[in-house]
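When we follow our numbering, the leftmost residue of the sequence shown carries the number 14, and every step to the right adds one.
Everything on this sheet refers to the single structure shown next.
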Amino acid sequence: MVNNAVKELNIVSNSPDDTISLGKKIGELAMPGDIFLLSGILGAGKTCLTQGIAYGLGINEYTLSPSFVLVRELYGRLTLYHMDLYRLENIEEIAELGLDDYLYGKGVCAIEWANRGMSLFPEEHLSIEIVYKGDIERQFIFKAHGQRYLELLEKIENQTE
Ligand SMILES: Nc1ncnc2c1ncn2[C@@H]1O[C@H](COP(=O)(O)OP(=O)(O)OP(=O)(O)O)[C@@H](O)[C@H]1O
Ligand SMILES: [Mg+2]
C-alpha cells in the first residue's frame, strides 16, 4: 500500500548558527537514499542548511552553492550529493543532467532550487521550504512525503523541542 500521508513541521531559525545546527541534526539522522528538496529565495539559507547537513554526516569541507558545478560530491558517513538547479532554465535541461544515479543511489541528495524540477524527483522525499522573515529570521517548513520522512520528521521534532 502506498502511504500518501504528508506531515508538516515548522521550525524558526534565529541565526545562521541555528540553521547549521538544524542541518546538523538532519545530517546525523540521514539514511542512504534520502532526498531533501530545498526551496526558498536567493539568500534564504539553502546552502547554510546544507552545510549543517554536511557537518552532521561528518563532512568538514565547506559547502558553497554549487552554481557552476551542478553536482558536488562530499564524502562522509554517507556521500552527500549537493545540487543547485538555479542556473537551469527548464525541466528538459534538468532532465538531461541524468540525476537518477544520484537520486536512486546510496548517498544523500540535497537539492537547492528543487522547485525548478519537482516533477523529476521521486515521490518520496522531504521538502524543505525556507521562508525569509527578516535579517536573521527564517522559517523552515518541512513536509514529509512518504513513511521514511514521516519518521525522520518525528525525530527532528523530538530533538528540537
Ligand atoms: N537564520 C539564518 N539562517 C540561514 N542563513 C541566514 C540566517 N540569517 C541570516 N542568514 C544569512 O543569509 C544568507 C544565506 O545564504 P545561503 O547561501 O545559505 O542562501 P541560499 O538560499 O543558498 O541562496 P542561493 O539561492 O543564492 O543559493 C547567508 O549570508 C547567511 O549568513
Ligand atoms: Mg545556495
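Ideal Cβ positions, reconstructed from N, Cα and C, are used throughout, including at glycine.
Query raised in the report: What are the boundary residues of the beta strand (DSSP E) that includes Arg85?
Result: As a working note, residue 85 is residue 72 in the sequence shown. Taken as a continuous stretch (DSSP letters only), the beta strand (DSSP E) holding Arg85 covers 84 to 88.
Query raised in the report: If we ignore side chains and look at the alpha-carbon of each, how far apart do Ala123 and Asp148 end up?
Result: One-based indexing of the sequence shown puts residue 123 at position 110. One-based indexing of the sequence shown puts residue 148 at position 135. Roughly 24 Å separates the two Cα atoms.
Query raised in the report: Just how far apart, CA to CA, sit Tyr162 and Tyr145?
Result: If you number the sequence shown from 1, residue 162 lands on position 149. If you number the sequence shown from 1, residue 145 lands on position 132. Cα to Cα, the separation comes out at about 24 Å.
Report task. May I ask you to report which of helix, strand or coil DSSP gives Ser140? Result -> The residue labelled residue 140 in the question sits at position 127 within the sequence shown. Looking at Ser140 - three-state DSSP - the assignment turns out to be strand.
Query raised in the report: Below 8 Å between beta carbons: does that hold for Pro45 and Lys119?
Result: Taking the first residue of the sequence shown as 1, we reach residue 45 at position 32. Taking the first residue of the sequence shown as 1, we reach residue 119 at position 106. Yes, these two residues count as a Cβ contact at 8 Å.
Query raised in the report: According to the neighbour-count rule (16 or more other Cβ atoms, all chains shown, within 10 Å of its Cβ), is Leu55 buried or exposed?
Result: Residue 55 sits at position 42 when you count from the first residue of the sequence shown. That one is exposed.
Requested in this report: Just mark Ser28 as buried or exposed, buried being the case when its beta carbon has 16 or more other beta carbons within 10 Å.
Outcome: Counted from its first residue, the sequence shown places residue 28 at position 15. Looking at its Cβ environment, which holds fewer than 16 other Cβ atoms inside 10 Å, Ser28 is exposed.
Requested in this report: Whole angstroms is fine: what's the gap from Thr63's alpha carbon to Gly159's?
Outcome: Start at 1 with the first residue of the sequence shown, and residue 63 comes out as number 50. Start at 1 with the first residue of the sequence shown, and residue 159 comes out as number 146. Each residue's Cα considered, the two are about 21 Å apart.
Query - Own chain, CB closer than 7 Å to Ala108, minus 5 neighbours either side, in chain order - result: Within the sequence shown, the letter at position 95 stands for residue 108. Cβ neighbours of Ala108 beyond the five flanking positions: Leu133.
Query raised in the report: Mind checking Thr173: buried by the 16 CB within 10 Å criterion, or exposed?
Result: Walking along the sequence shown from the start, residue 173 turns up at place 160. Exposed is the call here.
Query raised in the report: Apart from the five residues on each side of it in sequence, which residues of its chain come closer than 7 Å, Cβ to Cβ, to Leu22?
Result: Reading the sequence shown from its first residue, position 9 is the one you call residue 22. Answer for Leu22: Phe155, Leu166, Ile169, Glu170, listed in chain order.
**Report entry** Per DSSP, the bridge partner or partners of Leu50
**Finding:** Residue numbering aside, residue 50 sits at position 37 when the sequence shown is read from its first letter. Partner(s): Ile124, Ser140.
Requested in this report: Please indicate yes or no: does the CB of Leu55 lie closer than 7 Å to some heavy atom of ligand 1?
Outcome: The sequence position of residue 55 within the sequence shown is 42, counting from 1. Leu55 Cβ: within cutoff of ligand 1.
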